[in-house]
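In my numbering, the protein residues as written are -11 to 138.
Structure follows, in structure tokens:
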């Protein structure tokens, strides 16, 4: 699941999420729009198949921050392309598109195999981050969830 903040420049726009390759599992993606991170979506397309489209006829407030939530159907991980119509309906971001990865603390390289225990801490980089996905490139790892909330 990913959350993308955006600021519309007008009250009406449409966002389409196209799957542009093969999904690892599941059947495509779902798209939802929120006006904050803690409430139900104001619009959604959760049909799981094809290209979800949201906000076709919505009345948005220009210069207000909204959130596009994209989630894989049944655990799908898919390459996607996001299109906005009209193209200039979303304000360009002021900061970097990808946040600095300084939110993680812990060693960047570890010997494998190793009997040592390594601890990593993740600090959320925005108010909407609810989870982090970890990928072990090779080898085996035991991952312990401390149960702490972000």
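Glycine included, every Cβ here is placed at the ideal spot set by N, Cα and C.
Reduced DSSP category for residue i - H, G, I as helix; E, B as strand; rest coil
i: residue 63; result: helix
i: residue 28; result: coil
i: residue 41; result: strand
i: residue 8; result: coil
Cβ distance (whole Å) where residue i is taken to contact residue j below 8 Å
i: residue 16; j: residue 44; result: Contact doesn't hold; Cβ gap of about 18 Å is too wide.
i: residue 72; j: residue -7; result: At roughly 14 Å, the Cβ-Cβ gap does not stay under 8 Å, so residue 72 and residue -7 are not in contact.
i: residue -3; j: residue 77; result: 6 Å
i: residue 42; j: residue 21; result: 5 Å
i: residue 172; j: residue 19; result: There is simply no residue 172 to check, as the chain begins at -11 and stops at 138 in what is shown.
i: residue 61; j: residue 32; result: That pair is no contact at about 13 Å.
Bounding residues of the beta strand (DSSP E) (the contiguous stretch that carries residue i)
i: residue 18; result: 17 to 22
i: residue 69; result: 68 to 73
Chain-order list of residues whose beta-carbon lies under 8 Å from that of residue i (same chain, five-residue window excluded)
i: residue 68; result: 5, 6, 7, 8, 17 and 58
i: residue 47; result: -1 and 0
i: residue 29; result: 20, 21, 22 and 57
i: residue 55; result: -9, -8, -7, -6, 21, 22, 23, 24, 25 and 116
i: residue 89; result: Annotation note: pLDDT 48 at residue 89 (below 50); position unreliable, coordinate value reported separately. Closer than 8 Å at the Cβ level, and outside the excluded window around residue 89, lies no residue.
Beta bridge counterpart(s) of residue i as assigned by DSSP
i: residue -7; result: 55
Contacting residues, own chain, Cβ-Cβ under 6 Å from residue i (five flanking each side not counted)
i: residue 12; result: 65
i: residue 14; result: 60, 61, 62, 63 and 64
i: residue 79; result: -5 and -3
i: residue 27; result: none
i: residue 34; result: 18
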